[in-house]
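When the count follows the working numbering, it moves up by one through the sequence shown with no breaks and lands on 341 for the last residue. First the structure, in the form of C-alpha cells, and then the observations on it.
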Amino acid sequence: MKEYQMFFFDVDGTLLDNRNHRISPAVIEALTSLQKNGKKIVISSGRDVNTILTMPQLAAIAWDGYICRNGSVIADAQKTELFRVFFDQETMAGLEAVSARLRSPIQYMGHDDWLNCPPTPDFIAACEFFHRDPAAIDVRATRPDDQATMALAFNAADSDYAAYRTIPGLTVLPTPFHYADLVVRGIDKGVGIARLCQHFHIDPQDTMAFGDGINDLEMLQAAGVGVAMGQGREEIKAIADYVTDSVDRDGIVTALQAFGQL
Numbered sequence: 080m081k082e083y084q085m086f087f088f089d090v091d092g093t094l095l096d097n098r099n100h101r102i103s104p105a106v107i108e109a110l111t112s113l114q115k116n117g118k119k120i121v122i123s124s125g126r127d128v129n130t131i132l133t134m135p136q137l138a139a140i141a142w143d144g145y146i147c148r149n150g151s152v153i154a155d156a157q158k159t160e161l162f163r164v165f166f167d168q169e170t171m172a173g174l175e176a177v178s179a180r181l182r183s184p185i186q187y188m189g190h191d192d193w194l195n196c197p198p199t200p201d202f203i204a205a206c207e208f209f210h211r212d213p214a215a216i217d218v219r220a221t222r223p224d225d226q227a228t229m230a231l232a233f234n235a236a237d238s239d240y241a242a243y244r245t246i247p248g249l250t251v252l253p254t255p256f257h258y259a260d261l262v263v264r265g266i267d268k269g270v271g272i273a274r275l276c277q278h279f280h281i282d283p284q285d286t287m288a289f290g291d292g293i294n295d296l297e298m299l300q301a302a303g304v305g306v307a308m309g310q311g312r313e314e315i316k317a318i319a320d321y322v323t324d325s326v327d328r329d330g331i332v333t334a335l336q337a338f339g340q341l
C-alpha cells in the first residue's frame, strides 16, 4: 500500500470526543507510531495554538505543524508563524453592524480575544461545550484599530447565521453547538494544507486528512485521502474518500489501518 507522508487532524469530534474532550489511548499510540515511522502529524483546528497548548493531551504531543483558526494562522513545530491573515476594515464593520442589529455578541480572535458586547445564553452554552469559563473573556467595545484573524458568532444550535452571510469578505461555518466560525473568505484548512505541503516539500497527494465538520470540507478535498468521521456531518461524508468509525470508536485508528499506515 502507498505510504503517506503527512497527516492532518481536526481536533473537536476527530481527535477529541465531543463528550469528554479526550483523546483515546489507541489514537495517541497511532500518532506516536506515525512519527516513529518518519511521518509528520499536524493539528488542523478552528482553535488557536495557545488554546491547544492549554489542553494537556494535545500539548504533550510533538506536532510537526499547526493549522489554526481554520487556516487563518499557520505555524511550524516550534509554533513560529508561517502565515497569518486578518479581516479587512469593511468586514469588521459588517460584523459590528450585524452584531448590533441582532444584539448578539461576537468573539473576536486577534492577538488577544474579546467579546464585543455582554454574553448571551448561546455564548454561555458554547462555553459550556468547550468547558470554558464564560467570565474569562474580556468584554469590551471593538476599537477602530483592532485586528482579528477569526471570529465566533452565537445562536441556537444548528442555526444558519443568514445575517452574517451578507457580509462581504466573510465565510460562515456553522456548527451544531451554539456557535459559528467566521473566517476571511478564501481562507480555509485546505489552504493550510497547501501552505504546509509547500513548506515541507511534500506533495498534497501524499497526505491524509481527518475531520467531521463543515470547516473540514476543503481540507478533506485538498488531501490525497480525505477521511470523514462516522458521526460527522453528512456533507462531509458525501465528499470524503473514506468514511471511518466515529470518534468514540477510534475512527482515526480504523482509517489508518484500512490504508495500511499502521
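Even glycine gets a Cβ: it sits at the ideal position worked out from N, Cα and C.
Whether residue i touches residue j by CB criterion (8 Å)
i	j	result
I246	V177	yes
F87	A317	no
T286	M85	yes
G125	N294	yes
I146	G292	no
S103	L341	no
A259	A242	no
Limits of the unbroken beta strand (DSSP E) element including residue i
i	result
A156	It is not in any beta strand (DSSP E) - A156 carries neither H nor E in the DSSP assignment.
T111	Element bounds for T111: not the beta strand (DSSP E) but the alpha helix (DSSP H), 104 to 115.
R253	The sequence given here has Pro at residue 253, not Arg. Where P253 is concerned, the enclosing beta strand (DSSP E) stretches over 249 to 253.
Reference residue i; option with closest CA among the options
i	options	result
T221	A259, A232, A172	A172
G44	N97, Y83, Q84	Because the chain is modelled from 80 through 341, residue 44 falls outside the range shown and cannot be assessed.
G265	D167, Q84, V121, V90	D167
D225	T159, S238, E169	E169
Q284	I293, Q300, L296	Q300
K268	S103, I102, H100, G144	G144
Y83	I281, A241, D327	I281
L335	E108, N99, H100, R101	E108
N234	A214, I203, L249, P213	I203
T93	L113, S112, T130, L137	L137
P197	V332, D191, D327, P213	P213
Neighbourhood of residue i by C-beta, 8 Å cutoff - its chain only, sequence neighbours within 5 removed
i	result
R244	V251
W142	I120, V121, I122, A156
S325	M308, G309, Q310
Y321	V304, G305, V306, A307, A334, A337, F338
6 Å Cβ shell around residue i - same chain, five flanking residues per side excluded
i	result
R219	W193
A139	none
F162	I153, R274
E314	none
Own chain partners of residue i with C-beta closer than 7 Å, once the 5 adjacent residues on each side are dropped
i	result
M188	D127, R148, A227, T228, M229, A230
A236	P255, F256, H257
Bridge partners - residue i, DSSP secondary structure assignment
i	result
S123	I146
G173	Paired residues: none, contrary to the question.
D192	M188
M287	F86, V304
L231	Q186, D260
L95	D91
R163	V152
Y322	The question names Tyr, yet the displayed sequence has Val at residue 322. BP columns for V322 point to A307.
Proximity test, residue i beta-carbon vs the ligand FAD heavy atom, cut-off 7 Å
i	result
T199	The ligand content of the structure shown is nil, which means the ligand FAD is not present either.
Residue i - containing alpha helix (DSSP H), residue span
i	result
H278	268 to 279
A334	330 to 337
P135	135 to 138
F202	200 to 208
I132	The sequence given here places Leu at residue 132; Ile does not occur at that position. 128 to 132 is the span of the alpha helix (DSSP H), which, as asked, contains L132.
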